[in-house]
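Trainee:
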Amino acid sequence: MEKTYLGEFEELVLTMVGILREEAYGNAIVNEIRGRMEREVNLSAVHVTLYRLEDKGYVKSSMGGATAIRGGRRKRIFTITNAGLNMLHAIQEKRMELWKLLPQLKFADL
Amino acid sequence: MKTSVQPPKWAIDFLEWFCPDRLFECVLGDLLEQFENELELYGERKARRRFVWNVVRFFRPGIILRNKFKLKIINTIMLLSYFKIAIRNIRKRKLYSFINAFGLSIGIAFCILIYLFIQDEQSFDQFHVNKARIFRVEEKSYDRWSEDKEYPYRHSAYLQTGLMQVLKDDLPEVEMGTRYNSGGRGVFRYGEKVFTEKLTYVDADFFKMFSFPLLQGDAEKVFKDKYEAVITPAIAEKYFGDEDPIGKAVEIDVNGVATYTVTGVIQEAPANSSFSFEVLISQENRMFYERNINQWGNYSTPTFVQLTEGADMKQFSANLDKVIEKYIAEDLEEWRENSNLPDDVKLLELQYSNLSDIHLNTKVSWQKTSDPQYSLILGGIAILILIIACINYISLALTTSTARRTEVGIRKAAGAKKGQLIYQFGFESIVLALISMIIGLGLVVVFLPSFNEFTNKGITLGGASISGLLAVSFAVTLLIGLLAGSYPAFFLSSFRPVQVLKGGFTSKLNAVFTKPLVVLQFALSAFLIISSVIMYRQMQYITAKDLGYNKDQVLAIPTQTGYSKEGNKMVERFRNYAAQEPSVISVTGTNSSFNQGWSRSGYEINGEQKLAYVYVADPYYVPTLELTLVEGRNFDPNLASDSSALIVNEALVRDMGWENPLQEHLNWREDSTGLGPKIIGVVKDYHFLSLENEIEPLLMTMNTKDAGFQTTMLVKIDHGNIPESIDKVRSLWNELAPDKPFDYTFIDEDVAKQYASYKRWMNIMGLSTAFAILISCFGLFGLAGINAMNRTKEIGIRKVLGAELMSIFVLLNKQYVWLALIAFTLAAPLSWYVMDQWLADFKFSIAMGWELFVVSMVAGLLVALATVSYHAIKTALANPAETLKYE
Numbered sequence: 001m002e003k004t005y006l007g008e009f010e011e012l013v014l015t016m017v018g019i020l021r022e023e024a025y026g027n028a029i030v031n032e033i034r035g036r037m038e039r040e041v042n043l044s045a046v047h048v049t050l051y052r053l054e055d056k057g058y059v060k061s062s063m064g065g066a067t068a069i070r071g072g073r074r075k076r077i078f079t080i081t082n083a084g085l086n087m088l089h090a091i092q093e094k095r096m097e098l099w100k101l102l103p104q105l106k107f108a109d110l
Numbered sequence: 111m112k113t114s115v116q117p118p119k120w121a122i123d124f125l126e127w128f129c130p131d132r133l134f135e136c137v138l139g140d141l142l143e144q145f146e147n148e149l150e151l152y153g154e155r156k157a158r159r160r161f162v163w164n165v166v167r168f169f170r171p172g173i174i175l176r177n178k179f180k181l182k183i184i185n186t187i188m189l190l191s192y193f194k195i196a197i198r199n200i201r202k203r204k205l206y207s208f209i210n211a212f213g214l215s216i217g218i219a220f221c222i223l224i225y226l227f228i229q230d231e232q233s234f235d236q237f238h239v240n241k242a243r244i245f246r247v248e249e250k251s252y253d254r255w256s257e258d259k260e261y262p263y264r265h266s267a268y269l270q271t272g273l274m275q276v277l278k279d280d281l282p283e284v285e286m287g288t289r290y291n292s293g294g295r296g297v298f299r300y301g302e303k304v305f306t307e308k309l310t311y312v313d314a315d316f317f318k319m320f321s322f323p324l325l326q327g328d329a330e331k332v333f334k335d336k337y338e339a340v341i342t343p344a345i346a347e348k349y350f351g352d353e354d355p356i357g358k359a360v361e362i363d364v365n366g367v368a369t370y371t372v373t374g375v376i377q378e379a380p381a382n383s384s385f386s387f388e389v390l391i392s393q394e395n396r397m398f399y400e401r402n403i404n405q406w407g408n409y410s411t412p413t414f415v416q417l418t419e420g421a422d423m424k425q426f427s428a429n430l431d432k433v434i435e436k437y438i439a440e441d442l443e444e445w446r447e448n449s450n451l452p453d454d455v456k457l458l459e460l461q462y463s464n465l466s467d468i469h470l471n472t473k474v475s476w477q478k479t480s481d482p483q484y485s486l487i488l489g490g491i492a493i494l495i496l497i498i499a500c501i502n503y504i505s506l507a508l509t510t511s512t513a514r515r516t517e518v519g520i521r522k523a524a525g526a527k528k529g530q531l532i533y534q535f536g537f538e539s540i541v542l543a544l545i546s547m548i549i550g551l552g553l554v555v556v557f558l559p560s561f562n563e564f565t566n567k568g569i570t571l572g573g574a575s576i577s578g579l580l581a582v583s584f585a586v587t588l589l590i591g592l593l594a595g596s597y598p599a600f601f602l603s604s605f606r607p608v609q610v611l612k613g614g615f616t617s618k619l620n621a622v623f624t625k626p627l628v629v630l631q632f633a634l635s636a637f638l639i640i641s642s643v644i645m646y647r648q649m650q651y652i653t654a655k656d657l658g659y660n661k662d663q664v665l666a667i668p669t670q671t672g673y674s675k676e677g678n679k680m681v682e683r684f685r686n687y688a689a690q691e692p693s694v695i696s697v698t699g700t701n702s703s704f705n706q707g708w709s710r711s712g713y714e715i716n717g718e719q720k721l722a723y724v725y726v727a728d729p730y731y732v733p734t735l736e737l738t739l740v741e742g743r744n745f746d747p748n749l750a751s752d753s754s755a756l757i758v759n760e761a762l763v764r765d766m767g768w769e770n771p772l773q774e775h776l777n778w779r780e781d782s783t784g785l786g787p788k789i790i791g792v793v794k795d796y797h798f799l800s801l802e803n804e805i806e807p808l809l810m811t812m813n814t815k816d817a818g819f820q821t822t823m824l825v826k827i828d829h830g831n832i833p834e835s836i837d838k839v840r841s842l843w844n845e846l847a848p849d850k851p852f853d854y855t856f857i858d859e860d861v862a863k864q865y866a867s868y869k870r871w872m873n874i875m876g877l878s879t880a881f882a883i884l885i886s887c888f889g890l891f892g893l894a895g896i897n898a899m900n901r902t903k904e905i906g907i908r909k910v911l912g913a914e915l916m917s918i919f920v921l922l923n924k925q926y927v928w929l930a931l932i933a934f935t936l937a938a939p940l941s942w943y944v945m946d947q948w949l950a951d952f953k954f955s956i957a958m959g960w961e962l963f964v965v966s967m968v969a970g971l972l973v974a975l976a977t978v979s980y981h982a983i984k985t986a987l988a989n990p991a992e993t994l995k996y997e
């Protein structure tokens, strides 16, 4: 696998795209991050990150349905690609390996 | 839609403008969705506000750059076409484009140089890692000699030698501290190699506090011993070549020769450092160190401290006050009582400045400070030149506008909107400005060495500064392009196609616009001309002024002995040696030469405190400098009593109000009579200080009793073959003192150095003036050419009707003479004001007579006439048969 660096925020957004599946569009991701991570993010930041992920090939997008609340504008729905999924897995594995190397706290040391 | 509340329409338009089409729909959708949610959460007003803010947040590179330049307003193909037309136009009107590009590129080059200057000023001492925690401790002391009675205080960075240890011991905030004395030269010897080197005295913490990396040696261990030396790589190379300098024993002569071990090599200080050094040795080796360390009131040592992380500055100030209270309060009270000083004023206070601020702080005397005003003046000059160049652009564009009317007409007829035409012309000027920027950058590279010389700086291109530099030049370029291009763009695009294409338009000059511009341009140039003429005259005055002594062919040679009896012996022996040498006319010894530092002494007369400069002289001092004795006699080597006698200058006599000075004594120091030394002679006032000062009271003493104050030898040589005479003096010196290096300066050069910064300013003004005149002249040349061209037919008819050549010449030039005269009238008061301020620095200055203004005006007029005459002559001489052929 090609070693492409994934920033912390990129990783977060990519994970959210994976979680939300058919409902993964800009606003939904903002709300999801707010709800689950208790973290305020700006819509524009999420959009830019989504486009960047698309450039890198970790997500793909298609136009979804329009609703009245959106003034008749359609949503752009993002779906995670296999490459994106692999990337998330790889990050997770590497992290676990490193975690195992971390000396565990023992009460005796304290 | 559920609600009728809508987000601001303009915000959506703005989004549509910059957001790529592909993304616009989903972005707007999301924003609207968010807006609906927030409408319920926050209410209408806040939701609208947040909507706008969110739109603005989308205005970021990650979105805009996805546009692939598909801006709605100008599409890529049109832009290409504009570019092509711009290039074509630039090539078609070569002279006109050259004038514009030339002026703009010089303007840009000036701006960049000034940016570099200001950046360099700001970057002083910024490279120290701990700069935020490093402070210079300063004293603010009551100054009863002060001329400013409102604020009789003196700020000084020179502190008591022992203070640093007190600060380190008594103040918990002080983590480290070092004293720093740059000054004095000492003889440095390693084997056969002997030179004098600049010595700098510091303490061990110096190497830990400041970020001058130790290339060799250990910052923690250096200066544990008194006799250690740290040197720069250049010194290491000079004495040791390729050998390892660490551990080498060298001899340094500071108050007597001692052996030092080299224990470190420190990287040279960059040009933008307040500190500089070549050979660093411990403070403990400074002259009179032992004596000074416990002596409060002897202020000679700049002191820097590094505070602990997060130190409370208020507490630090309070603790500094406590130091004064604890150590010196009693002395101060005594001083107050003895000298009848006011009861309520604080006589002495310790203050501090952050390291980053000391370079631009001119209030506290320090080497290498710089007045922030200089940056302002330079910036002002750069802006003047830019304005002149922009005016060229505007007036030339306006006057050539007739030629482009047809183009505008056709474009409009073909459906171009006014906005598009504005973009086209604006774009054109930006293209020209960009070309100028490239030339300007080239000019910067070419001129940087001379600029450094002018400003006494060591600015280099490259490194971290280059990106900032490019950003600034780019910004300046765009600004110029917009400034210079906007007016012509609006003007040209306003032509009505019907009128233009019908062919009935006149080709008259837009005199209403161009004339004020030319006047403004000329006034700016005139301001620079007058100012440089006045500066030049003042510098000439200073260099030519009779100083009251003869400074020619006098060498100042340091005896390299420090204050010791050896100095007097050296001078004595040299004089005897040189007696047989015809090229040496006279030899005298003194405590300091001109511009090499002075000492002043106080004396009291009728309860009043006075100060006088003290020169240690000998019987040969007066003849060597060709001073004039107005009363009394010179020192006599055969009269023992003369060793305690004084020669004073007229200023001192005036100051004392003496009717008959030769009957007087000056209780300047103790002597057997109890009255003080007797006055035996009065010398005519001479300018021993620079001309920025009045002639101050001065006294000369032989001072052979204590001996040891002759540290400089002044040698007057024959004016015949000077290099040969210097060689003679050198060989005499080498015979006499083979172990001491022969350093000499000419005192006239030393004296000239006092005015070095004024001279630099004169050079900078002169250069800017030359460029400003050149640019204005080019503009005028272009204007005159177009004007003459527009009037060829008129001239042709006049000639046919029998007009004289001269009258046509006058006709064509008359208006420029008027414009130039108006410009001078406007510029004169401004230059008078500014130059009056400048001349105020000098106690001896020229009077700004009207003749200086007339000279400047005539010079300016001549230049302007010469510029426009080419076209006038050409047009006047043209054959009317040719010019009227097609009528």
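Protein chains in written order, with my numbering: chain A, 1 to 110; chain B, 111 to 997.
From the three backbone atoms N, C-alpha and C, an ideal C-beta is built for every residue, glycine too.
Since the structure is predicted, the reported quantities are computational estimates derived from the model, not experimental observations.
Using a Cβ-Cβ cut-off of 8 Å, state whether F168 of chain B counts as contacting chain A.
Mentor: Numbered from 1 along the second sequence, position 58 holds the residue referred to as residue 168 of chain B. True, the Cβ-Cβ gap to chain A drops below 8 Å.
Trainee: Mind checking whether R158 of chain B and P118 of chain B have CB atoms under 8 Å apart?
Mentor: As a working note, residue 158 of chain B is residue 48 in the second sequence. As a working note, residue 118 of chain B is residue 8 in the second sequence. Contact flag set, yes.
Trainee: Measure the alpha-carbon distance for C129 of chain B versus L531 of chain B and round it to whole angstroms.
Mentor: The residue given as residue 129 of chain B occupies position 19 in the second sequence. The residue given as residue 531 of chain B occupies position 421 in the second sequence. The straight-line gap from Cα to Cα measures roughly 24 Å.
Trainee: Could you run through the segment 125–150 of chain B and flag, in chain order, every residue whose CB is less than 8 Å away from some CB of chain A?
Mentor: Of all residues in the segment 125–150 of chain B, L133, E135, C136, V137, L138, G139, D140, L141, L142, E143, Q144 and E146 have a Cβ within less than 8 Å of some Cβ in chain A.
Trainee: Could you check the C-alpha separation between I883 of chain B and L226 of chain B for me, to the nearest Å?
Mentor: Working through the second sequence from its first residue, we reach residue 883 of chain B at position 773. Working through the second sequence from its first residue, we reach residue 226 of chain B at position 116. Near 24 Å, if we compare the C-alpha coordinates of L226 of chain B and I883 of chain B.
Trainee: For E388 of chain B versus R299 of chain B, is the C-beta spacing smaller than 8 Å?
Mentor: Numbered from its first residue, the second sequence carries residue 388 of chain B at position 278. Numbered from its first residue, the second sequence carries residue 299 of chain B at position 189. Going by C-beta atoms, E388 of chain B is not nearer than 8 Å to R299 of chain B.
Trainee: What does R70 of chain A reach in chain B if we use C-beta pairs closer than 7 Å?
Mentor: Translated into positions along the first sequence, residue 70 of chain A becomes position 70. G139, L142 and E143, listed in chain order.
Trainee: Interface residues of chain B around K94 of chain A at Cβ under 8 Å?
Mentor: Residue mapping note: residue 94 of chain A aligns to position 94 of the first sequence, counting from 1. Correct list: empty, because the minimum Cβ distance to chain B is about 27 Å.
Trainee: Less than 6 Å between C-beta atoms, sequence neighbours within five positions excluded: which residues of the same chain meet that for A633 of chain B?
Mentor: Counted from its first residue, the second sequence places residue 633 of chain B at position 523. Excluding sequence neighbours, A633 of chain B sits near A933, L936 and A937.
Trainee: Could you tell me whether the Cβ of K60 of chain A comes closer than 8 Å to any Cβ of chain B?
Mentor: Stepping through the first sequence from its first residue, residue 60 of chain A is reached at position 60. False, the Cβ-Cβ gap to chain B never drops below 8 Å.
Trainee: Run through the segment 581–607 of chain B for me and flag every whole alpha helix (DSSP H) of 4 or more residues, listed as ranges in chain order.
Mentor: none
Trainee: At the level of alpha carbons, what is the spacing between S693 of chain B and E444 of chain B?
Mentor: Your numbering for residue 693 of chain B matches position 583 in the second sequence. Your numbering for residue 444 of chain B matches position 334 in the second sequence. Rounded to the nearest angstrom, the two C-alpha atoms are 56 Å apart.
Trainee: Quick check on the DSSP output: the beta strand (DSSP E) that includes M823 of chain B runs from which residue to which?
Mentor: For the purposes of this step, residue 823 of chain B is taken as the residue at position 713 of the second sequence. That run of the beta strand (DSSP E) goes T822 to I827.
Trainee: Using a Cβ-Cβ cut-off of less than 7 Å, give me the residues of the segment 7–18 of chain A that come near chain B, in sequence order.
Mentor: none
Trainee: Identify, in the order they occur along the chain, each residue of the same chain with its Cβ nearer than 8 Å to the Cβ of I19 of chain A, setting aside the five sequence neighbours on each side.
Mentor: Along the first sequence, read from residue 1 onward, the residue named residue 19 of chain A stands at position 19. Hits under 8 Å: E32.
Trainee: Taking any Cβ of chain A, which residues in the segment 286–303 of chain B have a Cβ under 9 Å from it, in chain order?
Mentor: Listed in sequence order: no entries.
Trainee: Counting along the chain, where does the beta strand (DSSP E) carrying D250 of chain B start and finish?
Mentor: For the purposes of this step, residue 250 of chain B is taken as the residue at position 140 of the second sequence. Looking at the sequence provided, one finds Lys at residue 250 of chain B rather than Asp. K250 of chain B -> beta strand (DSSP E) spans I244 to Y252.
Trainee: Do you know whose CA, among B:T413, B:Q326 and B:E260, lies nearest D315 of chain B's CA?
Mentor: Stepping through the second sequence from its first residue, residue 315 of chain B is reached at position 205. Checked all of B:T413, B:Q326 and B:E260; the closest Cα to D315 of chain B is B:T413.
Trainee: Quick check: F245 of chain B and S463 of chain B, are their CB atoms within less than 8 Å of each other?
Mentor: Locating residue 245 of chain B in the second sequence gives position 135, counting from the first residue. Locating residue 463 of chain B in the second sequence gives position 353, counting from the first residue. It is a contact, given that the beta carbons lie within the stated cut-off.
Trainee: At the level of alpha carbons, what is the spacing between L470 of chain B and F9 of chain A?
Mentor: Residue mapping note: residue 470 of chain B aligns to position 360 of the second sequence, counting from 1. Residue mapping note: residue 9 of chain A aligns to position 9 of the first sequence, counting from 1. Near 44 Å, if we compare the C-alpha coordinates of F9 of chain A and L470 of chain B.
Trainee: With E338 of chain B as the anchor, note down where its beta strand (DSSP E) starts and where it stops.
Mentor: Stepping through the second sequence from its first residue, residue 338 of chain B is reached at position 228. Here the beta strand (DSSP E) through E338 of chain B covers E338 to I341.
Trainee: Hey, could you find the ends of the alpha helix (DSSP H) D431 of chain B is sitting in?
Mentor: Stepping through the second sequence from its first residue, residue 431 of chain B is reached at position 321. Unbroken alpha helix (DSSP H) run through D431 of chain B: M423 to Y437.
Trainee: To be precise: take each residue of the segment 33–49 of chain A, compare its Cβ to all Cβ atoms of chain B, and keep it if any distance is under 7 Å. Which residues remain?
Mentor: For the segment 33–49 of chain A, the beta-carbon criterion of a distance under 7 Å to any beta-carbon of chain B is satisfied by N42, L43, S44, H47 and V48.
Trainee: So T811 of chain B packs on V681 of chain B, CB below 8 Å; how close in whole Å?
Mentor: Here residue 811 of chain B is taken as the residue at index 701 of the second sequence, counted from 1. Here residue 681 of chain B is taken as the residue at index 571 of the second sequence, counted from 1. About 15 Å; that fails the 8 Å criterion.
Trainee: So for N42 of chain A, helix, strand or coil by DSSP?
Mentor: To locate residue 42 of chain A, count along the first sequence from 1; it is residue 42. In the three-state scheme derived from DSSP, where H, G and I count as helix and E and B as strand, N42 of chain A is classed as coil.
Trainee: Report the three-state DSSP secondary structure of L14 of chain A (helix, strand or coil).
Mentor: Working through the first sequence from its first residue, we reach residue 14 of chain A at position 14. Correct three-state label for L14 of chain A: helix.
Trainee: Hey, how far is the Cα of N660 of chain B from the Cα of Q820 of chain B?
Mentor: What you label residue 660 of chain B is simply residue 550 of the second sequence in a count that begins at 1. What you label residue 820 of chain B is simply residue 710 of the second sequence in a count that begins at 1. Cα to Cα, N660 of chain B sits roughly 21 Å from Q820 of chain B.
Trainee: Evaluate the contact criterion for the segment 896–909 of chain B versus the segment 981–994 of chain B: three or more CB pairs, one atom per stretch, below 8 Å.
Mentor: Yes: the two stretches touch, three or more of their Cβ pairs being nearer than 8 Å.
Trainee: Please check if any C-beta of chain B sits within less than 8 Å of the C-beta of G57 of chain A.
Mentor: Counted from its first residue, the first sequence places residue 57 of chain A at position 57. Output row for G57 of chain A: interface = no.
Trainee: In chain B, which residues lie with their C-beta within 7 Å of the C-beta of R76 of chain A?
Mentor: Here residue 76 of chain A is taken as the residue at index 76 of the first sequence, counted from 1. Those are C136, listed as they occur along chain B.
Trainee: For Y5 of chain A and chain B, any beta-carbon pair shorter than 8 Å?
Mentor: In the first sequence, counting from the first residue as 1, residue 5 of chain A sits at position 5. False, the Cβ-Cβ gap to chain B never drops below 8 Å.
Trainee: Please report the distance separating the alpha-carbon of Q144 of chain B from that of P171 of chain B.
Mentor: Here residue 144 of chain B corresponds to residue number 34 of the second sequence, with the count starting at 1. Here residue 171 of chain B corresponds to residue number 61 of the second sequence, with the count starting at 1. About 22 Å.
Trainee: May I have the straight-line CA-CA distance separating G84 of chain A from L133 of chain B, to the nearest angstrom?
Mentor: By 1-based counting over the first sequence, the position of residue 84 of chain A is 84. By 1-based counting over the second sequence, the position of residue 133 of chain B is 23. Each residue's alpha carbon lies about 22 Å from the other.
Trainee: What residues of chain A sit near N464 of chain B, judged by a beta carbon separation below 7 Å?
Mentor: Here residue 464 of chain B corresponds to residue number 354 of the second sequence, with the count starting at 1. Those within 7 Å of N464 of chain B in chain A number zero; the least Cβ separation is about 37 Å.
Trainee: Does the beta-carbon of G578 of chain B have 16 or more other beta-carbons within 10 angstroms, so that it is buried, or is it exposed?
Mentor: The residue you call residue 578 of chain B lines up with position 468 of the second sequence. Residue environment for G578 of chain B: exposed (fewer than 16 other C-beta atoms within 10 angstroms of its C-beta).
Trainee: Are the C-beta atoms of R176 of chain B and some chain A residue less than 8 Å apart?
Mentor: Here residue 176 of chain B is taken as the residue at index 66 of the second sequence, counted from 1. So, interface residue.
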